[in-house]
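K.L.:
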Amino acid sequence: MEVIQTKKELREFRNGVRGSLGFVPTMGALHEGHAALIRQSARENERTVVSIFVNPMQFGPREDLAKYPRPFERDLDICRETGANVVYAPEHADIYPAGFGSAVEVSGVGNHWCGASRPGHFVGVATVVLKLLNRVQPDRLYLGQKDAQQAALLDKMVLDLDLETEVVVCPTIRGAGGLALSSRNQYLSPGEKAAAPALYRALMECGRQIKMGQTSPQKIAEIFQGLLPGYDGWRLDYFGVADPVTMSPVPVIDRKVRLLAAAFLGTTRLIDNISAGPGLEPG
Ligand code: AMP
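Once you know that position 148 of the sequence shown is 178 in this note's numbering, the rest is easy, because the numbers rise by one and skip nothing.
(1) Compare the Cα-Cα distances from A206 to each of G46, F254, K223 and report the closest residue.
(2) Would you kindly work out how many angstroms separate the C-alpha atoms of Q35 and E252, rounded to a whole number?
(3) Quick check: is any heavy atom of the ligand AMP less than 6 angstroms from the C-beta of I203?
(4) What does the alpha-carbon distance come out to for the pair G256 and R231?
(5) Roughly how far, in whole angstroms, is the beta-carbon of A204 from the beta-carbon of T298, given that I think they are within contact range, below 8 angstroms?
(6) By Cβ distance, which residues of its chain are closer than 8 angstroms to M31, with the 5 residues on each side in sequence left out?
(7) When you measure from the CB of H151 to every non-hydrogen atom of the ligand AMP, does any distance come out below 6 angstroms?
(8) Quick check: the region 169–176 against the region 47–57, are there 3 or more CB pairs under 8 angstroms?
(9) Taking DSSP as the reference, what is the three-state secondary structure of N303?
(10) A292 and Y268: beta carbons closer than 7 angstroms?
(11) Just how far apart, CA to CA, sit N141 and S278?
(12) Return the chain-ordered list of same chain residues with a C-beta closer than 8 angstroms to the C-beta of R238, the five sequence neighbours on each side being excluded.
(13) The alpha helix (DSSP H) with F269 in it runs from where to where?
(14) Quick one: residues in its chain with C-beta nearer than 8 angstroms to the C-beta of R100, no 5 flanking neighbours on either side, listed in chain order?
(15) Within 6 angstroms: the Cβ of M57 and any heavy atom of the ligand AMP?
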């Protein structure tokens, strides 16, 4: 496995790749969720590039950029063990040289949920991912369902901007109690860790109500709100019932939808989402 830091070296590597190339963009602090993406890419492609870059452009001014975990050597071990061929870990100035001034805005998909509660977040995500795609030029881009709105937004960007890459969305990997794995879970205290699976449980209960015939997004939101604050540290950011492709709120649940939620547990913001629909098993 090779570690590459510059755009020039990456270009040289890319020029030497004969078969298909898979790409897994990450912000590091890798866990089993990232590992699953890398393994899938390694299975499906001749070569796999993993990028590790904590992208300042997607963090708000009061968010956790400075304290975001950066266990680089451990990340390299995980990449090696899961079958990555290249780790691309650029410096800030390699991605954002002095005078950088462009931004990618994907309309529609980013308007609600995380887009509304984190202004500028998706512009930061789309901009860095477009730059990375231009550099890596992968045949396949591997994204996690854990960040469903992000995956929908990047899928739209790829379509809108004629990028020659196939978007592959991989299932959410969960830990104890169903808690979606996240690099941010390490901010949680032991007590918060024990409480955290309530977010997933509440989503699943809403999914079961929809399966059994509840079609009102308002009723489902009320059920969700009634389930979450069982623990004092919870503060709901949003709950929504959305179309799985456009990510717009649906007026009535008469087909497959995504239930999306974000909540603070103490100072840590957790997000999760599941699929649901009339007569459908949630998950
Ligand atoms: P991040 O490092 O948090 O920016 O995530 C990098 C990629 O890994 C994104 O495509 C995420 O959706 C994906 N990812 C993060 N956590 C999980 C998880 N628990 N299961 C599956 N994919 C995940």
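The beta-carbon is built from N, C-alpha and C at its ideal position, and this holds for glycine as well.
P.N.:
On the basis of the coordinates in this document:
(1) In terms of CA proximity to A206, K223 leads the group G46, F254, K223.
(2) Spanning the alpha carbons of Q35 and E252 requires a straight line of approximately 48 angstroms.
(3) Flag set: Cβ of I203 near the ligand AMP.
(4) Going from the Cα of G256 to the Cα of R231 covers about 12 angstroms.
(5) Sequence inspection shows Arg at residue 204; the Ala mentioned does not correspond to that position. Here R204 is actually not in contact with T298; their C-beta atoms are around 17 angstroms apart, not less than 8 angstroms.
(6) Excluding positions up to five away in sequence, the list reads L106, C109, R110, A114, N115, V116, V117.
(7) Every heavy atom of the ligand AMP is 6 angstroms or more from the Cβ of H151, so no.
(8) Yes: at least three Cβ pairs fall under 8 angstroms.
(9) N303 falls in the strand class under three-state DSSP.
(10) The Cβ atoms of A292 and Y268 lie closer than 7 angstroms to each other.
(11) Each residue's alpha carbon lies about 8 angstroms from the other.
(12) Same-chain partners within the cutoff: P312.
(13) Taken as a continuous stretch (DSSP letters only), F269 belongs to no alpha helix (DSSP H), being part of the beta strand (DSSP E) at 264–272.
(14) The residues are G58, A59, V84.
(15) Yes.
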